[in-house]
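Student: Here it is: the structure, laid out below.
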Amino acid sequence: SGAPVQVTENCLRPKVCAMFTRLVNLMLHCPLSMETSSVFKLATVLHLVISGIPPAVQFILDDYEEELKYILADPKVKCRFGKRHDFFIQMALPVFEDIIAFCLE
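Position one of the sequence shown corresponds to residue 2 (our numbering), numbered consecutively onward.
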């Protein structure tokens, strides 16, 4: 019962990519009615996942390399991230930017 669980890359890849997709969508289009603390929580969990599971970065790059390099790095798009002045969105922003930088290293 205390043995570590082995998770295959086939199981992990769709989860990591779905988390990244959800985070990008929430950073760009977070509805005002949503509890924005969940955006910060998602960003924090994804950051922990990609820093603790090296293949996770490659999963994101395999699916979103062009978006990371050419769209999310665009200053016009980055400007949209900072438009919301909600506390949790502003707290999630540096974590989100760290995720992008970590993936592009």
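Virtual Cβ for every residue (Gly too), placed ideally from N, Cα, C.
Quantities reported herein were computed from a predicted structural model and do not represent experimental measurements.
If you measure between the beta carbons of residue 17 and residue 50, is that distance less than 9 angstroms?
Tutor: The answer is yes: Cβ separation under 9 angstroms.
Student: Could you tell me the alpha carbon to alpha carbon distance between residue 104 and residue 3, rounded to whole angstroms?
Tutor: Cα to Cα, the separation comes out at about 32 angstroms.
Student: Ends of the alpha helix (DSSP H) at residue 100?
Tutor: Here the alpha helix (DSSP H) through residue 100 covers 88–105.
Student: Helix, strand or coil for residue 59, going by three-state DSSP, please let me know.
Tutor: Helix at residue 59.
Student: Which residues bound the alpha helix (DSSP H) around residue 6?
Tutor: Premise fails: residue 6 is in no alpha helix (DSSP H) and is neither H nor E.
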